[in-house]
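For the sequence shown, my numbering gives the first residue as 139, with consecutive numbering after it. The next block holds one structure in the form of structure tokens; read it before the comments.
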Amino acid sequence: MAALASLIIFLEQGYTIRSESGNQTLTPSKVGKRLIFDLHTHETKSRPAKFATLTPGEVRRLSSIWEWGIVFIGVRGQEYVIEDLQAIEQAIRSGQLHTLYDVSPNNI
Numbered sequence: 139m140a141a142l143a144s145l146i147i148f149l150e151q152g153y154t155i156r157s158e159s160g161n162q163t164l165t166p167s168k169v170g171k172r173l174i175f176d177l178h179t180h181e182t183k184s185r186p187a188k189f190a191t192l193t194p195g196e197v198r199r200l201s202s203i204w205e206w207g208i209v210f211i212g213v214r215g216q217e218y219v220i221e222d223l224q225a226i227e228q229a230i231r232s233g234q235l236h237t238l239y240d241v242s243p244n245n246i
């Protein structure tokens with residue numbers, strides 16, 4: 139399991155991260171040369187979806203009760219999340235597909 143703070147380095151490298159609960163997703167993007175992060179809080183029966191654009195500093199100040207993980211892409215195109223730091227690093231080393239600025243690397 140990975141705390142949000144331990145995944146910021148991956149987020150800054152372009153990886154999309156998602157909370158263990160599946161309720162929130164942080165996706166990096168660029169505005170000019172500036173890196174920003176889109177926080178999407180997913181809709182539930184009792185809460186509408188919310189969107190926010192955050193700076194790197196604001197992301198570092200976020201607190202979350204949930205563990206977070208990196209969003210990877212399976213062989214059939216389905217998304218899945220790896221939350222263990224060693225497993226994340228292994229997946230990256232082995233070249234597993236992942237979302238990059240919310241786009242599959244095959245489409246870049």
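Ideal placement from N, C-alpha and C gives every residue a C-beta, glycine not left out.
Check	Outcome
What did DSSP end up calling residue 229 once you bin it into helix, strand or coil?	helix
Relative to the C-alpha of residue 145, which candidate in 196, 212, 213 and 205 has its C-alpha closest?	205
Give me, in chain order, the residues of the same chain whose beta-carbon lies closer than 7 Å to that of residue 173; leave out the 5 immediate sequence neighbours on both sides.	150, 166 and 194
Could you compute how far the alpha carbon of residue 153 sits from the alpha carbon of residue 236?	7 Å
Report all residues from its chain with a CB closer than 8 Å to the CB of residue 187; omit the five preceding and five following residues, and keep chain order.	178, 179, 180 and 181
In this structure, does DSSP put residue 194 in helix, strand or coil?	helix
Kindly list the residues whose CB is nearer than 8 Å to the CB of residue 209, restricted to its own chain and excluding five residues on each side of it in sequence; keep chain order.	153, 154, 155, 156, 163, 217, 218, 219, 236 and 237
Output the distance between the C-alpha atoms of residue 198 and residue 142, rounded to the nearest integer angstrom.	8 Å
How would you write the range of the beta strand (DSSP E) that residue 155 sits in, first residue to last?	155-157
Within the present structure, is the beta-carbon of residue 195 separated from the nearest heavy atom of the ligand GDP by less than 6 Å?	Although the ligand GDP was asked about, the structure shown includes no ligands whatsoever.
What residues are listed by DSSP as bridge partners for residue 140?	206
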